[in-house]
Amino acid sequence: MKIYWNGERKNVIGSRVKELRKTEYFPKDFAARLSLSGIDFTELTILRIEKGIRFVPDYELSVIADYFHVTSDYLLGRTSKE
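The sequence shown: position 69 = 70 (the working numbering), numbered continuously.
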């Protein structure tokens, strides 16, 4: 696995995840809903993703994008939501 890190943040999706999650859920509730996908998400996992201090593997990126009905490119900041 190749991991890219700019020295400050370990992921680029944190701000978009937080923006989407805040419209509906608290971190604990969101983690419980994502865990239904079979991947272990906790409240701490969500908070670390949102702060950019946790790496996000591709399979988690896919689960989060599917959950919010957005593309992975949107989460990565490559496209707008529309």
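Every residue, glycine too, gets a C-beta built ideally from N, C-alpha and C.
Give the DSSP-derived three-state secondary structure of residue i in the structure shown.
| i | result |
| --- | --- |
| Y75 | helix |
| P28 | helix |
| T43 | coil |
| F56 | coil |
| K19 | helix |
When the distance is taken between beta carbons, is residue j closer than 7 angstroms to residue i?
| i | j | result |
| --- | --- | --- |
| N12 | V57 | yes |
| G78 | G53 | no |
| E51 | K19 | yes |
| F31 | I47 | yes |
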